[in-house]
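What follows is one structure encoded as structure tokens, with my remarks underneath.
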Amino acid sequence: MLSKVFQILGLREKDEQIYLTALELGAMQPASVIARISGFKRIDAYNHLCGMAEMGIFNIRNKNGVIYFEPRDVPSLKSLAQRRFEF
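Sequential numbering of the sequence shown, starting at 5, is according to the numbering used here.
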């Protein structure tokens with residue numbers, strides 16, 4: 005089901021893996037932690053996270069010079085896809 009949502013949003017498999025990893029981690033995490041757990045290079049994960057944040061899939065917070073990413077919950081993601089699908 006989530007794969008379909010990601011497809012509607014125009015995201016790739018890497019984006020889905022990063023999102024699911026961040027969702028499993030729960031709390032806000034820096035890109036380095038999400039990258040390490042998901043198996044991607046930090047810079048690649050960071051670029052994907054920033055792209056998804058621009059789409060509203062992640063919330064961003066800068067804390068003491070470190071950028072933290074928090075995934076939006078699944079219902080919010082489905083709602084975002086539904087709005088995009090309607091246009």
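All C-beta atoms, glycine included, are put in the ideal place defined by N, C-alpha and C.
For a test of the three-state rule: what should DSSP assign to residue 12, helix, strand or coil? For the purposes of this step, residue 12 is taken as residue 8 along the sequence shown, with counting starting at 1. In this structure, residue 12 counts as helix in the three-state DSSP scheme.
Helix or strand or just coil, what does DSSP make of residue 62? Numbered from 1 along the sequence shown, position 58 holds the residue referred to as residue 62. Strand.
Mind pulling the alpha helix (DSSP H) runs of 4 or more residues that sit fully within the region 35-83? If we require 4 residues or more, the alpha helix (DSSP H) runs fully inside the region 35-83 come out as 35-42, 46-58.
When the Cα of residue 39 is compared with those of 30, 52, 31, which residue comes out closest? Taking the first residue of the sequence shown as position 1, residue 39 is located at position 35. Nearest C-alpha to residue 39: 52.
Apply the 10 Å Cβ neighbour rule to residue 16 and answer buried if 16 or more other Cβ atoms are within range, or exposed otherwise. Here the question's residue 16 lines up with position 12 in the sequence shown. Of the other Cβ atoms in all chains shown, fewer than 16 fall within 10 Å of the Cβ of residue 16; this residue is therefore exposed.
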